[in-house]
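Going down the list, the sequences are from chains R and D.
Going by our numbering, the first sequence opens with residue 14, and the numbers climb by one from there.
Going by our numbering, the second sequence opens with residue 4, and the numbers climb by one from there.
Just so you know, even glycine gets a beta-carbon here, dropped at the ideal spot from N, CA and C.
All figures in this text were calculated on a predicted structure; none of them were measured in a lab.
One structure below.
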Amino acid sequence: MDAILETRGLGKSFGHFAAAADIDFRVAPGELRAVIGPNGAGKTTFFNLIAGTIAPTSGTISFKERDVTRTSGTRRVHFGLAKAFQTANLYGDQTVHQNCRLAALAHVQGPFAPQVFRRSKRLRTVDDIAERALSRLELDELADVRAGDLSHGDKKRLDIAVALATEPEILLLDEPVAGMSRDEARKTEALIRRLASEMTVLIIEHDMDLIMGISDSITVLHQGRVLATGTPGEIRENPNVQEAYLGGHSQEEMHA
Amino acid sequence: MLAGDVRFLIFTAIGLAAFPLALHAVGGYGGLATQICILSVAAIGFNVLLGYAGMLSYGHAMFYGGGGYLAAILLMRAMPAHPNLWLAVLGATIATAALALAIGSVTVRLYGIYFALLTLAFAQMVFFIVEQGGEITGGDDGLQSFPNALLPIGPWSIDLTAPVPPIDMGPLGTVSDLKLWYVFAAIVLLLVLWFTRALTRSQFGEVLGAIRENEERSLFVGFNAATYRLAAFAISGALTGFAGAMRALYDGTVAVDSLGIDRSGSFVIYTIVGGVQTVFGPVVGTAIIVYLENVLSGVTPLWRLIEGLIFIAAIVFLPSGIVGTLGGRGKRGRRALFGALRARPATGVAPPAGPAPAAVDVPRETNA
Chain R
14 MDAILETRGL
24 GKSFGHFAAA
34 ADIDFRVAPG
44 ELRAVIGPNG
54 AGKTTFFNLI
64 AGTIAPTSGT
74 ISFKERDVTR
84 TSGTRRVHFG
94 LAKAFQTANL
104 YGDQTVHQNC
114 RLAALAHVQG
124 PFAPQVFRRS
134 KRLRTVDDIA
144 ERALSRLELD
154 ELADVRAGDL
164 SHGDKKRLDI
174 AVALATEPEI
184 LLLDEPVAGM
194 SRDEARKTEA
204 LIRRLASEMT
214 VLIIEHDMDL
224 IMGISDSITV
234 LHQGRVLATG
244 TPGEIRENPN
254 VQEAYLGGHS
264 QEEMHA
Chain D
4 MLAGDVRFLI
14 FTAIGLAAFP
24 LALHAVGGYG
34 GLATQICILS
44 VAAIGFNVLL
54 GYAGMLSYGH
64 AMFYGGGGYL
74 AAILLMRAMP
84 AHPNLWLAVL
94 GATIATAALA
104 LAIGSVTVRL
114 YGIYFALLTL
124 AFAQMVFFIV
134 EQGGEITGGD
144 DGLQSFPNAL
154 LPIGPWSIDL
164 TAPVPPIDMG
174 PLGTVSDLKL
184 WYVFAAIVLL
194 LVLWFTRALT
204 RSQFGEVLGA
214 IRENEERSLF
224 VGFNAATYRL
234 AAFAISGALT
244 GFAGAMRALY
254 DGTVAVDSLG
264 IDRSGSFVIY
274 TIVGGVQTVF
284 GPVVGTAIIV
294 YLENVLSGVT
304 PLWRLIEGLI
314 FIAAIVFLPS
324 GIVGTLGGRG
334 KRGRRALFGA
344 LRARPATGVA
354 PPAGPAPAAV
364 DVPRETNA
């Protein structure tokens with residue numbers, strides 16, 4: 014099958030330090046792919062390269078067979094590639110509903126719409142998209158709450174809902190359950206599982222229970238390079254992966 | 004048009020009709036009312052940028068003075084025989100909008116104090132170019148005694164320097180020094196206020212507010228923040244340039260101090276004293292400061308000191324300005340001002356409250 018997202022020889026160097034190097038990566042439509050790796054493996058760099066937050070120093074990124082290597086993150090959103098932030102990044106003063114509404118507005122109206130007289134209130138489709146995004150993350154009951162007043166877990170879920178309101182084809186999630194309680198994490202896991210049945214999901218996560226439980230396939234990064242790609246079972250049994258993880262930890266942690 | 008718009012226009016029109024009478028009652032003269040209306044339009048333009056886009060310009064005199072010079076040059080060079088006020092003012096406004104687009108395409112990439120300093124640098128550049136402009140700009144002397152432009156409306160050509168019939172206010176005296184210029188300036192101000200109100204409630208204003216609150220998030224929901232900021236800069240510059248053109252035609256003269264740093268600073272003071280992020284704030288701030296300047300500068304040489312104290316008092320005690328405070332905005336204006344001074348794009352990510360959660364990276368199975 015054709016890949017929805019593909020990178021070839023993707024790399025990012027900061028001076029002499031290669032945070033990501035020579036990454037060949039393919040995600041099939043509908044797949045739920047996880048990217049894991051020890052601290053400093055280049056996961057966040059890779060995520061930022063895909064989202065368009067930073068520009069690569071080598072290689073290419075293509076999305077739906079279109080080269081987006083030099084395309085801004087804002088444009089990529091309109092192509093159908095949306096990201097949720099690792100630390101919830103919201104309009105804290107706006108309501109939960111308005112947070113999603115703004116994302117839906119961008120989706121419907123495009124990157125720049127100088128509507129200096131018309132109010133957006135009349136755009137019913139925008140409201141519909143926002144409400145759908147909220148209900149998919151089970152935030153409907155909090156629609157009128159100020160986003161800044163939400164709990165940590167609800168903020169992270171709202172961040173995903175905002176990304177969803179741009180109607181993406183591929184959703185990038187950066188540690189979606191980080192800092193959540195066990196119950197919140199479990200609830201979010203179920204929601205992500207449901208989203209993954211409707212779209213492609215690329216997830217970066219430290220929580221191994223989550224990764225092993227929900228991923229179709231896993232890519233392991235180590236020192237900025239792809240160490241292995243395979244099903245959760247294959248990754249678990251891979252001696253190189255075990256080596257990389259144990260090697261990345263201090264003596265105390267190993268004996269703990 | 005919505006019922007709210009009609010009510011807004013009617014009440015504002017009543018206020019503007021009463022304004023020169025009230026000003027007369029406290030010792031102001033007719034021309035001052037006209038000057039306040041025109042300067043208010045410039046301050047409103049400045050507030051579009053500071054209040055709604057969250058960008059503090061310290062160079063708006065380049066648009067104000069620029070609009071004035073452009074209108075004067077258009078009158079003197081392009082239509083000396085048939086001076087037409089519409090053409091002079093609209094031509095100058097379009098040209099200032101183009102100037103704002105050109106300068107904005109460089110400056111809107113910067114934030115906070117860096118943005119303010121770069122706008123100041125551009126304004127100083129414009130100042131020196133005009134000062135060295137020789138015959139075209141009149142150099143240090145500026146341009147004087149250009150033809151009195153008539154305002155063509157339908158078959159009529161109206162001379163705005165004609166007097167308004169005296170208005171008898173009984174015990175408060177008679178207002179006899181108003182010219183038609185006031186009527187014109189008041190109508191212009193009314194329309195600019197209505198436009199600004201519509202702008203801030205429009206989809207454009209909504210997105211501008213979103214970018215002001217959290218630019219990083221806005222980029223990743225798909226808003227092209229730089230283009231929105233540039234559009235706000237251009238609208239702001241055009242409004243201020245429009246006011247500058249009106250002022251030059253009203254005065255019949257234009258001088259380099261209209262491009263100076265004092266003029267740029269005055270828009271900051273008018274807007275903050277009156278109320279940043281409010282539709283009427285810039286008008287009220289302009290009225291109060293210009294009136295006090297007019298009254299006090301004849302009485303004491305310490306006027307500038309008093310003006311400075313008023314500005315400091317507003318920032319410390321009334322950060323939402325007079326209109327914002329009366330409107331119940333409390334101290335919200337302070338956040339708007341701090342936001343405009345922040346030297347990087349806004350993000351909604353709160354600084355971490357404690358140490359980051361420890362990363363648990365080891366797959367359970369391999370660890371066991």
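For residue i, tell me which candidate among the options has the shortest Cα-Cα distance.
i	options	result
A56/D	L175/D, P86/D, S160/D and A234/D	A234/D
H110/R	H165/R, L94/R, R89/R and V175/R	V175/R
L312/D	R335/D, V276/D, A339/D and T281/D	V276/D
A98/D	A28/D, G342/D, L90/D and L73/D	L73/D
G55/R	D15/R, L208/R and F27/R	F27/R
L52/D	F187/D, F223/D, T110/D and I292/D	T110/D
G246/R	E19/R, L234/R and S228/R	S228/R
S60/D	A126/D, L93/D and V29/D	A126/D
R88/R	A143/R, P51/R, L147/R and T66/R	T66/R
I47/D	F245/D, T350/D and A258/D	F245/D
P169/D	S160/D, D180/D and W159/D	D180/D
D15/R	G72/R, P69/R and R79/R	R79/R
T203/D	E296/D, R337/D, F283/D and H63/D	F283/D
A241/R	A32/R, A203/R, P51/R and L155/R	P51/R
Compare the beta carbon distance of residue i and residue j with 8 Å and say whether it is the shorter of the two.
i	j	result
A229/D	A103/D	no
A81/D	G247/D	no
A198/R	D220/R	yes
L223/R	V254/R	no
F59/R	V48/R	yes
F22/D	T274/D	no
T179/R	V40/R	no
F38/R	V239/R	yes
L262/D	V92/D	no
Y104/R	A160/R	yes
S43/D	L192/D	yes
G31/D	Y294/D	yes
L154/D	F187/D	yes
Between the C-alpha atoms of residue i and residue j, what's the straight-line distance to the nearest angstrom?
i	j	result
P304/D	A290/D	20 Å
V178/D	G33/D	8 Å
V121/R	G93/R	12 Å
T138/R	A116/R	12 Å
C40/D	V286/D	7 Å
G331/D	C113/R	28 Å
R190/D	L26/D	First, the residue type needs correcting, since residue 190/D is Ile and not Arg in the sequence shown. Each residue's Cα considered, the two are about 18 Å apart.
I214/D	R220/D	8 Å
Y114/D	G54/D	14 Å
K25/R	S85/R	16 Å
F223/D	F98/R	9 Å
G261/R	G53/R	Caution is warranted here: a pLDDT of 49 is assigned to G261/R, below 50, making its placement in the model unreliable, and the coordinate value is therefore given only provisionally. Computed Cα separation, rounded: 9 Å.
V259/D	F11/D	37 Å
Taking 8 Å as the CB-CB limit, is residue i close to chain R?
i	result
E219/D	yes
Y55/D	no
R337/D	no
Y231/D	yes
V352/D	yes
F236/D	no
F223/D	yes
R367/D	Confidence is the limiting factor: at R367/D the pLDDT is only 37, short of 50, which leaves the residue's position unreliable and the question unanswerable from this model.
A28/D	no
N227/D	yes
A213/D	yes
E296/D	no
E216/D	yes
Establish whether the CB of residue i and some CB of chain D are separated by less than 8 Å.
i	result
F38/R	no
Q128/R	yes
F125/R	yes
H268/R	Residue confidence is low: H268/R scores 42 on pLDDT, short of 50, so the model does not pin down where it sits. Its coordinate-derived value is still stated next. Not closer than 8 Å to any Cβ of chain D, the Cβ of H268/R fails to qualify, so no.
R131/R	yes
Original post:
Quick one, which residues of the stretch 95 to 120 of chain R are near chain D if we go by CB-CB under 8 Å, in chain order?
Top reply: A95, K96, F98, T100, A101, N102, L103, Y104, G105, D106, Q107, L115, A116, L118, A119 and H120
Original post:
Going along the stretch 76 to 93 of chain R in order, which residues come within less than 7 Å of chain D, judged by CB to CB distance?
Top reply: G86, T87, V90 and H91
Original post:
Between the stretch 167 to 186 of chain R and chain A, which residues of the former have a C-beta closer than 7 Å to a C-beta of the latter?
Top reply: The chain labelled as chain A is not found among the protein chains of the depicted structure, namely R and D.
Original post:
Listed in chain order, which residues of the stretch 188 to 207 of chain D have Cβ atoms closer than 9 Å to some Cβ of chain R?
Top reply: F198, A201, L202, R204, S205, Q206 and F207
**OP:** Output, in sequence order along the chain, the residues in the stretch 190 to 221 of chain R whose CB is closer than 7 Å to any CB in chain D.
**Re:** A191, G192, H219 and M221
Original post:
Given a limit of 7 Å on CB to CB distance, which residues of the stretch 121 to 153 of chain D reach chain R?
Top reply: none
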